[in-house]
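Those letters in the sequence shown? Residues 70 to 646, per this note's numbering, in order. A virtual CB, placed ideally from N, CA and C, is assigned to each residue, including glycine. In this text the structure is predicted, and so the values were computed from the model without any measurement. In what follows, a single structure is set out as structure tokens and then discussed.
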Amino acid sequence: MQQDFFAGLTGATIVLPQAVAFAVIAGLPPEYGFYTAMIPPFFAAFFGSSWHAITGPTTAISAMVFASLSGLYEVGDREFIRAAIVLSLMVGVIQIGFAAFRLGAVINFVSHSVMTGFITGASLLILLSQIRYVFGIDLPRPEHLPAFGAELVAEIGHTNPVSLSIGLLTLCVALAVRHFRPGWPNYLIALAAGTGLYFAFGPLAADVATVGHIDEALATFSLPGLRIDDVSTLGSAAFAIALVGLLEAVSISRALAMRSGQMIDPNREFMGQGIANLVGSFFRCYPSSGSFTRSGVNYEAGAKTPMASIFAALALAVILLFVSDLFAYVPVPAMGGTIIVVALKLINLREIMHFFRVSKAESGIFIITFVSSLAISLEFAIYCGVIISVVLFLDRAAHPRLSVGVPFPFRGRRSFRPVKDVGGPVCPQLIVVGLDGPLFFGSVDVIRREFRRIETEYAEQSHMIFNMRGVGQIDLPAAELLIEEAKRRIARGGRLYVQTKIPRTIRQLEKYGVTRHIGGGKVHLYKGDAISFAIGELRHDICQACDVRLWHDCPTFPQPHPDAERTSSADRTERQD
Numbered sequence: 070m071q072q073d074f075f076a077g078l079t080g081a082t083i084v085l086p087q088a089v090a091f092a093v094i095a096g097l098p099p100e101y102g103f104y105t106a107m108i109p110p111f112f113a114a115f116f117g118s119s120w121h122a123i124t125g126p127t128t129a130i131s132a133m134v135f136a137s138l139s140g141l142y143e144v145g146d147r148e149f150i151r152a153a154i155v156l157s158l159m160v161g162v163i164q165i166g167f168a169a170f171r172l173g174a175v176i177n178f179v180s181h182s183v184m185t186g187f188i189t190g191a192s193l194l195i196l197l198s199q200i201r202y203v204f205g206i207d208l209p210r211p212e213h214l215p216a217f218g219a220e221l222v223a224e225i226g227h228t229n230p231v232s233l234s235i236g237l238l239t240l241c242v243a244l245a246v247r248h249f250r251p252g253w254p255n256y257l258i259a260l261a262a263g264t265g266l267y268f269a270f271g272p273l274a275a276d277v278a279t280v281g282h283i284d285e286a287l288a289t290f291s292l293p294g295l296r297i298d299d300v301s302t303l304g305s306a307a308f309a310i311a312l313v314g315l316l317e318a319v320s321i322s323r324a325l326a327m328r329s330g331q332m333i334d335p336n337r338e339f340m341g342q343g344i345a346n347l348v349g350s351f352f353r354c355y356p357s358s359g360s361f362t363r364s365g366v367n368y369e370a371g372a373k374t375p376m377a378s379i380f381a382a383l384a385l386a387v388i389l390l391f392v393s394d395l396f397a398y399v400p401v402p403a404m405g406g407t408i409i410v411v412a413l414k415l416i417n418l419r420e421i422m423h424f425f426r427v428s429k430a431e432s433g434i435f436i437i438t439f440v441s442s443l444a445i446s447l448e449f450a451i452y453c454g455v456i457i458s459v460v461l462f463l464d465r466a467a468h469p470r471l472s473v474g475v476p477f478p479f480r481g482r483r484s485f486r487p488v489k490d491v492g493g494p495v496c497p498q499l500i501v502v503g504l505d506g507p508l509f510f511g512s513v514d515v516i517r518r519e520f521r522r523i524e525t526e527y528a529e530q531s532h533m534i535f536n537m538r539g540v541g542q543i544d545l546p547a548a549e550l551l552i553e554e555a556k557r558r559i560a561r562g563g564r565l566y567v568q569t570k571i572p573r574t575i576r577q578l579e580k581y582g583v584t585r586h587i588g589g590g591k592v593h594l595y596k597g598d599a600i601s602f603a604i605g606e607l608r609h610d611i612c613q614a615c616d617v618r619l620w621h622d623c624p625t626f627p628q629p630h631p632d633a634e635r636t637s638s639a640d641r642t643e644r645q646d
């Protein structure tokens, strides 16, 4: 408990400047960042599954809130604030729905490159949005890049040198402290340095804006103000924010769980995030999620249980009772410099380069999501990335690979390798075909074509063992394909044998009638058993004349006659020539 307490204190000092920065990114007054950093952590810690993840305002969610509302309402006015709080309510309901229907596995269908492209695009938009404050010039929002670029070129000559000095000093101090003293609160120190320079300029800084007075630093109960038309107006944005929030929260929880040895329950994490957002909307919070920075600091500070998150929220409330008025004097350019550092930290160039080095598909998903976030909208980008991820997943699932395998010595034991990789002879009557991929309605046509190809290439081998080692379940179209293949093998004077170790697959083979059609004893748990059984049904006259002797059971048959062996060897040599 003591370690959790001190970890909570550390987290409270980190979130002070972050809460203000994130609220500014969302287009909200600073106090709404404090509310969102105080209330949601309580409920996410209590109902979630992670020991170390901290919930609160985040960069990506804040950017999405602004992008969703800025085209509908005047930024920062009462309707804008009301809509942001209603978004939290709707996001919470959607996330609880995900948990109630146990849809935690849905996040596995979203490629990591989608989140990287989305966060990179959002970070770049956030960075560009702060140029106006750091340079002290009037610029449009960067959502329309051509107009933003043209206006930046036109206005750059009117840069306020005092604003630029304050912003650059804050940015440099934040980067320097993070590099040389990573354990120190770099944002807090940077804001203090920028504020100090603001006062040092004296009258020269008269036209530099400050954050201003914070009306109520502590959250109080208030109804969200939901209207009927909000469902249609904000529904799409709420769903996108809910999805991104869950992806962030579960990604952070899993990353920390790998270090701590904890097991994460995605459905419980969904429930924790949903309740946190739902309850938070009654305390004037905007949508929240798992915070990368605060969660990492919480773990490094020695937190052991979710109590650290609760201590951090309580400590923040106590600190704000004494220091909230000090934020009124923080200059806006200093806030802008801090936000630029936050945005830069989220752009992971190493990870982006890794995508381009190892996978065309992942790099393509990244590019599409990234460009969509800049050229269209953040909401569209996340939907676009998710759809492309699902399409690529289905395409891969629908194109499994089949290969004819032969025994091959490996580390002192025989294992099966594709014959096209290791070469060597094949049995003249029996082949073993391995399936690498799923067997379901979407892959049936591809597998049928592969069966026909194998049938043509191995026309003499009428018996086939079908190794379904990785198939966890089958459906009716897949079962009908196996029955069809069994009938074709029987018509050629052979048999189909199935090998699988998975009980559910075996039950489904029986349920759909596959076991009945291929004949008793044709479904086996192990390849060795399947091979032994199949050899017993081969033509012994061919076995007697064969000199391949590929299987362990082959020596139990009479050895080939010397004349037959010489003839067989000569024929094989002639074929190889």
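Member of the options whose CA lies at the smallest distance from the CA of residue i
i: residue 356; options: 107, 621, 78; result: 107
i: residue 322; options: 92, 307, 363; result: 363
i: residue 563; options: 464, 511, 499; result: 499
i: residue 102; options: 245, 285, 409; result: 285
i: residue 77; options: 619, 463, 380, 327; result: 380
i: residue 152; options: 172, 178, 180, 97; result: 97
i: residue 466; options: 238, 621, 515; result: 515
i: residue 294; options: 148, 376, 608, 456; result: 148
i: residue 507; options: 528, 154, 382, 469; result: 469
i: residue 409; options: 531, 384, 244, 230; result: 244
i: residue 385; options: 70, 111, 94; result: 111
i: residue 471; options: 520, 134, 459, 492; result: 520
i: residue 445; options: 115, 136, 81, 95; result: 136
i: residue 124; options: 579, 317, 353, 493; result: 317
i: residue 577; options: 603, 545, 593, 552; result: 545
i: residue 602; options: 623, 613, 611, 614; result: 623
i: residue 509; options: 574, 495, 497, 560; result: 574
i: residue 234; options: 459, 274, 485, 249; result: 274
i: residue 493; options: 505, 477, 501; result: 477
Other residues of its chain near residue i: CB distance less than 8 Å, five sequence neighbours each side excluded
i: residue 215; result: none
i: residue 397; result: 279, 280, 281, 282, 283
i: residue 163; result: 307, 308, 311, 343
i: residue 392; result: 85
Whole-angstrom distance between residue j and residue i, CA atom to CA atom
i: residue 481; j: residue 597; result: Any reading at residue 481 must be qualified, since the residue scores a pLDDT of 48, below 50, and its modelled position is unreliable; no value is offered.
i: residue 212; j: residue 417; result: 21 Å
i: residue 193; j: residue 320; result: 21 Å
i: residue 79; j: residue 128; result: 20 Å
i: residue 83; j: residue 372; result: 15 Å
i: residue 437; j: residue 419; result: 18 Å
i: residue 473; j: residue 489; result: 8 Å
i: residue 181; j: residue 131; result: 20 Å
i: residue 228; j: residue 268; result: 20 Å
i: residue 88; j: residue 541; result: 46 Å
i: residue 641; j: residue 536; result: Because residue 641 sits at a pLDDT of 36, beneath the cut-off of 50, its placement in the model cannot be relied upon, and the point is left open.
i: residue 517; j: residue 532; result: 17 Å
i: residue 539; j: residue 361; result: 35 Å
i: residue 387; j: residue 81; result: 10 Å
i: residue 430; j: residue 503; result: 26 Å
i: residue 122; j: residue 288; result: 22 Å
Contact set for residue i: own chain, Cβ-Cβ below 6 Å, skip 5 residues either direction
i: residue 167; result: 339
i: residue 189; result: 416, 439
i: residue 348; result: 112
i: residue 202; result: 401, 402, 405
i: residue 570; result: 594
Same chain only: Cβ atoms within 7 Å of residue i, ignoring 5 sequence neighbours per side
i: residue 399; result: 260, 264, 279, 280
i: residue 636; result: Unreliable placement is indicated for residue 636, whose pLDDT of 37 sits below 50; the coordinate value is still reported in the next sentence. So the list is empty, once near-sequence residues are dropped.
i: residue 441; result: 449, 450, 453
i: residue 411; result: 90, 128
i: residue 247; result: 255
Beta-carbon spacing of residue i, residue j below 7 Å
i: residue 99; j: residue 92; result: yes
i: residue 558; j: residue 550; result: no
i: residue 336; j: residue 173; result: yes
i: residue 568; j: residue 586; result: no
i: residue 156; j: residue 303; result: yes
Residue i beta carbon near the ligand ADP (any heavy atom closer than 6 Å)
i: residue 72; result: No copy of the ligand ADP occurs in the structure displayed, which carries no ligand at all.
task: Report the residue ranges of all alpha helix (DSSP H) runs contained in full by the region 330–405; include only those spanning at least 4 residues, in chain order.
output: 335–349, 361–369, 376–392
ask   = Enumerated in chain order, which unbroken segments of the alpha helix (DSSP H) with a length of 4 residues or greater are wholly contained in the region 230–291?
value = 230–249, 255–270
- In chain order, which continuous runs of the alpha helix (DSSP H) of length 4 or greater are located wholly inside the region 446–477? 447–466
Notebook entry, point to check: Which runs of the alpha helix (DSSP H), 4 residues or longer, sit entirely within the region 497–581?
Noted result: 513–526, 545–560, 572–580
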